[in-house]
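Which chain is which? The protein sequence lines are S and X, in order. When the letters of the first sequence are read in order and numbered with the numbering used here, they come out as residues 1 to 345. When the letters of the second sequence are read in order and numbered with the numbering used here, they come out as residues 1001 to 1345. Idealized CB from N, CA, C, for every residue including glycine. In this text the structure is predicted, and so the values were computed from the model without any measurement.
Number of protein chains: 2
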Amino acid sequence: MKSVNLKRLAQELNLSVATVSRALNDRYDISQATKDRVRELAAKLNYEPNPYASSLRRQRSGTIGVVVPEIANHFFSLAINGIEEVARLNHYHVLIYLTHEDYQRELDIVRLLAGGRVDGVLLSAASTSYTDTHLEMLRERGIPLVFFDRVHQAPDNAQITTDDYESGYKATRHLLDVGCRSVAHLTIAPTLSISRRRMQGYIDALLDGGLRYDPSLVLHAQGRREQDVEMIQDLLHQRPGVDGIFAAVESLAVGTYEACRVLNRRIPHDVRVIGFSNLEIAALLDPPLTTITQPAYAIGKEAAKVLFKAVLKNVPVSSGHSLELKSELFIRESTFPAPKLVKSA
Amino acid sequence: MKSVNLKRLAQELNLSVATVSRALNDRYDISQATKDRVRELAAKLNYEPNPYASSLRRQRSGTIGVVVPEIANHFFSLAINGIEEVARLNHYHVLIYLTHEDYQRELDIVRLLAGGRVDGVLLSAASTSYTDTHLEMLRERGIPLVFFDRVHQAPDNAQITTDDYESGYKATRHLLDVGCRSVAHLTIAPTLSISRRRMQGYIDALLDGGLRYDPSLVLHAQGRREQDVEMIQDLLHQRPGVDGIFAAVESLAVGTYEACRVLNRRIPHDVRVIGFSNLEIAALLDPPLTTITQPAYAIGKEAAKVLFKAVLKNVPVSSGHSLELKSELFIRESTFPAPKLVKSA
DNA sequence: TTGTACGCGTTATCAC
DNA sequence: GTGATAACGCGTACAA
């Protein structure tokens, strides 16, 4: 129950607490013999320095905070994987916080983190997040912050994103190329950076392709699975001319599959589908889903690298460290121009 | 850059540090007027207590540690979701650690956590984890530990699991019921609690069904995607009689789909497939996958609840708090007895 | 009702 | 090379 601390080690070794501390921290002014003695006993007693005393004294927590909308999501769990990797290499700990797309929760979390619990923060914004005044708190406290994927438009902040505009353009363009003439766009909160950029790509691709931009073909989902599927069903029902769907997030691509199943619409024969997605099994779906895939793991890794550059050097991050990675288009059956009705056996 | 602390508040209010501290902690012996004054200023200055000083003083971190093999995995990310939920309600923070199935890493993490960084630990064992002496360290320090899903057989420890034996039995039985006569079992490390129990269910179901248990039909995967798929291909190739496959983990069910695709084996016509899985889109696969689905979110939630019972009351957890939840069988096309070769259009 | 003084365990400064 | 001592910011026993 009682933890072994420096005092205990010092007593047993007939040394001062200071010497023991320095020995364990491998300071040059301690003799090798003493270091050996100290370390031996420390190992024997399973000594671990009290992280809170240490943090208090050094004014450094050895911990970063990661704030994401949700975790049961391929994109974010892959990103966290990358983040954890970098953190581990730097001997840092990782605190996880979920906003569940709730702005108030994001606010509460950031306020908490600004209290000094972490040396740096990685954040992907909640979809309902509409201001960034709370991020000022982190800045005031000198806690570096790096956004990833879903960024706030805070002035002079580092952010790791993907080429959302280009990807939105490419996705839409691809649908046009395979023959679609009426393309709907399913997306989430329009306040979100990624939504706006992907949608702008969609619009520009339409116009460049000689089509009209029809705002009624853009649907904003609420993030509640059943309602979203219903919304898609309504679209397919009321606008039978729609022959292509571009989903800005994975869940909406999946929702489209479900809606099509209910309405007996064949993909890609009746409607072609493309979506942002990090599903590893996109190729095993019926039919295999054409995806725009973000380098989620790399995003997490790069974001963490940029953050640690600031954390370890104790300097603020700046927009100069921002990075834009490239997403990749994987063409599969869901957007085939000439649908195969029956699989070859 | 400089954080506002009690001293600063005390100075500005002409109060002692102690009074401010008590006011903020809503102690009964402070006048309402003072409390109001203190709180107003604290709010105005965005005061947040220094968590490390607080933890050091209180001998309590307000943090739990979660140790999982990986995070880019539906089961674990759902479980973490449940854990985070409970932690948040208790105003606790969550540290995440990934072992990547590496025993040494698990050991290092546990040693670190035993240093007092957390008030409690939730752990799902790495597949290469073969002893549990390191868990003694937590016990020595009086840090409660609750296992979930992949448990170590530590004496008198709480663990939240699912009915793995019954599920393994049910899965195998289901394959026999739909006509399989030669069922292979794909699993991971045999040292793992869940592997052993699921496999025992498999064996017993075979015997009860009047079949022989053939150890050469049990394959242990290494967890490397490509090699695992190759292994499955070899099985299908060398044992053409195999007409049913029971995958003990999601990745192996997916691997089976991939192997079948390469070898042009039709599911369920040539071989029927069932697997443990938390894939939300199992129904959208080609063909829809029959799954044994664990209540991952509930597992995380219950494990956290049990942990907090111990943490908050400062008592050790005991095996009396263990819980076994039920998995659910979802029958889909991948195990249909009469395969439909062509989908209805 | 409020203030004083101490200690949580560690690290940094200064002295020897 | 090593030891004594102060300080990090907070919470609490004791005093007033």
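Asked, Found
"Residue 1254 (chain X) versus chain S: which residues are under 9 Å apart at the beta carbon?", "280, 281, 284"
"What distance in whole Å lies between the Cβ atoms of residue 150 (chain S) and residue 216 (chain S), which are believed to be in contact at a cut-off of 8 Å?", "Wrong, their Cβ atoms sit about 26 Å apart, outside the cutoff."
"Does the Cβ-Cβ distance between residue 185 (chain S) and residue 202 (chain S) come in under 9 Å?", "yes"
"Use the C-beta contact count for residue 1241 (chain X): other C-beta atoms within 10 angstroms, 16 or more gives buried, fewer gives exposed.", "exposed"
"Give a yes or no on whether the minimum CB-CB distance between residue 130 (chain S) and chain X is below 9 Å.", "no"
"Using the rule of at least 16 other Cβ atoms within 10 Å of the residue's Cβ for burial, across every protein chain shown, is residue 7 (chain S) buried or exposed?", "exposed"
"How about residue 146 (chain S) and residue 120 (chain S): do their beta carbons lie closer than 9 Å?", "yes"
"For chain S, check one thing: does any of its Cβ atoms lie closer than 9 Å to the Cβ of residue 1052 (chain X)?", "yes"
"Could you pull out every unbroken beta strand (DSSP E) segment of at least 3 residues lying fully inside the region 1225-1294 of chain X, listed in chain order?", "1244-1247, 1272-1276, 1290-1293"
"Please confirm whether residue 72 (chain S) and residue 148 (chain S) have their CB atoms less than 9 Å apart.", "no"
"Which residue or residues does DSSP assign as beta-bridge partners of residue 96 (chain S)?", "S:66"
"Quick check on residue 191 (chain S): does DSSP put it in helix, strand or coil?", "coil"
"When the cut-off is 9 Å and only beta carbons count, does residue 1046 (chain X) lie next to chain S?", "yes"
"Touch check for the region 305-323 of chain S and the region 152-159 of chain S: three-plus C-beta pairs under 8 Å?", "yes"
"In or out: residue 16 (chain S) buried (at least 16 other Cβ within 10 Å) or exposed?", "exposed"
"Provide the residue(s) that pair with residue 160 (chain S) in DSSP beta bridges, ordered along the chain.", "S:148, S:323"
"How is residue 76 (chain S) classed by DSSP in three states: helix, strand or coil?", "helix"
"Identify the residues that DSSP records as bridge partners of residue 329 (chain S): which are they?", "S:292"
"I'd like the span of the alpha helix (DSSP H) that includes residue 118 (chain S), first residue to last.", "Counting along the chain, residue 118 (chain S) falls outside any alpha helix (DSSP H), and DSSP gives it neither H nor E."
"Would you verify that the beta carbon of residue 115 (chain S) is, or is not, closer than 9 Å to some beta carbon of chain X?", "yes"
"What's the call for residue 1224 (chain X), buried or exposed, on a 16-neighbour Cβ count within 10 Å?", "exposed"
"Between which two residues does the alpha helix (DSSP H) harbouring residue 38 (chain S) extend?", "32-44"
"Tell me, to the nearest whole angstrom, how far the beta carbon of residue 303 (chain S) is from that of residue 83 (chain S); I am working on the premise that it is less than 8 Å.", "7 Å"
"Output needed in chain order: residues of the region 1317-1340 of chain X with a Cβ under 7 Å from some Cβ in chain S.", "none"
"For residue 224 (chain S), would you say it is in contact with chain X, using Cβ-to-Cβ distances shorter than 9 Å as the test?", "no"
"Taking the Cβ atom as the reference point for each residue, do residue 189 (chain S) and residue 127 (chain S) lie within a distance shorter than 9 Å?", "yes"
"Here's the rule I'm using: 16 or more other beta-carbon atoms within 10 Å means buried, otherwise exposed. How should residue 1210 (chain X) be labelled?", "exposed"
"Quick one: does residue 1003 (chain X) have its CB under 9 Å from some CB of chain S?", "yes"
"Going by CA-CA distance only, name the one from X:1153, X:1179, X:1056, X:1075 that's closest to residue 1245 (chain X).", "X:1179"
"Whether or not the region 38-45 of chain S and the region 1099-1118 of chain X are in contact is what I'm after, with contact meaning three or more pairs of Cβ atoms, one per stretch, closer than 8 Å; do they touch?", "no"
"Under 9 Å, Cβ to Cβ, is there at least one residue of chain X near residue 63 (chain S)?", "yes"
"Three or more C-beta pairs closer than 8 Å, one from the region 1093-1106 of chain X and one from the region 94-107 of chain S: is that the case here?", "yes"
"List the residues of chain S that residue 1236 (chain X) touches, going by C-beta distances under 7 Å, in chain order.", "Those do not exist, as residue 1236 (chain X) stays about 17 Å from chain S at its closest Cβ, beyond 7 Å."
"Could you give the distance in angstroms between the alpha-carbon of residue 273 (chain S) and the alpha-carbon of residue 175 (chain S)?", "8 Å"
"Pick helix, strand or coil for residue 18 (chain S), following the three-state DSSP scheme.", "helix"
"What are the start and end residues of the alpha helix (DSSP H) that includes residue 1317 (chain X)?", "Neither: residue 1317 (chain X) is in no alpha helix (DSSP H) and is coded neither H nor E."
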